[in-house]
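The working numbering puts the first residue of the sequence shown at 117, with every later residue one more than the last.
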Amino acid sequence: MAYASVFLTFLSGAALAEAKGKFTINGKPVPQVVAKVNGTELSSDLLKREMIAYQLLANRQGRN
Numbered sequence: 117m118a119y120a121s122v123f124l125t126f127l128s129g130a131a132l133a134e135a136k137g138k139f140t141i142n143g144k145p146v147p148q149v150v151a152k153v154n155g156t157e158l159s160s161d162l163l164k165r166e167m168i169a170y171q172l173l174a175n176r177q178g179r180n
């Protein structure tokens with residue numbers, strides 16, 4: 117999960133979550149499985165939720 121956190125921090129300004137359609141980063145569609153950690157697949161839905169949570173936390177702390 118630490119890898120996902122670093123990945124999310126790196127992409128915090130570049131991620132774009134659309135209400136309908138596919139999840140994109142820099143205008144490129146994100147694959148359904150974005151990573152595989154210790155045999156567990158991490159989906160783009162998880163990435164989208166983590167990105168939203170990170171943005172909410174950053175806004176709450178005054179970083180955005």
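Quick reminder that beta carbons are idealized off the backbone N, C-alpha and C, glycines included.
Count the other C-beta atoms from every protein chain shown that fall within 10 angstroms of the C-beta of residue i, then say buried if there are 16 or more, exposed otherwise.
i, result
"Val146", "buried"
"Leu163", "buried"
Which of the three DSSP states, helix, strand or coil, is assigned to residue i?
i, result
"Lys144", "strand"
"Lys138", "coil"
Note down the Cα distance separating residue i from residue j, rounded to an integer number of angstroms.
i, j, result
"Ala174", "Gly155", "30 angstroms"
"Glu166", "Val150", "13 angstroms"
"Phe139", "Ala169", "15 angstroms"
"Lys152", "Arg179", "30 angstroms"
"Leu158", "Gln148", "8 angstroms"
"Arg176", "Ile141", "23 angstroms"
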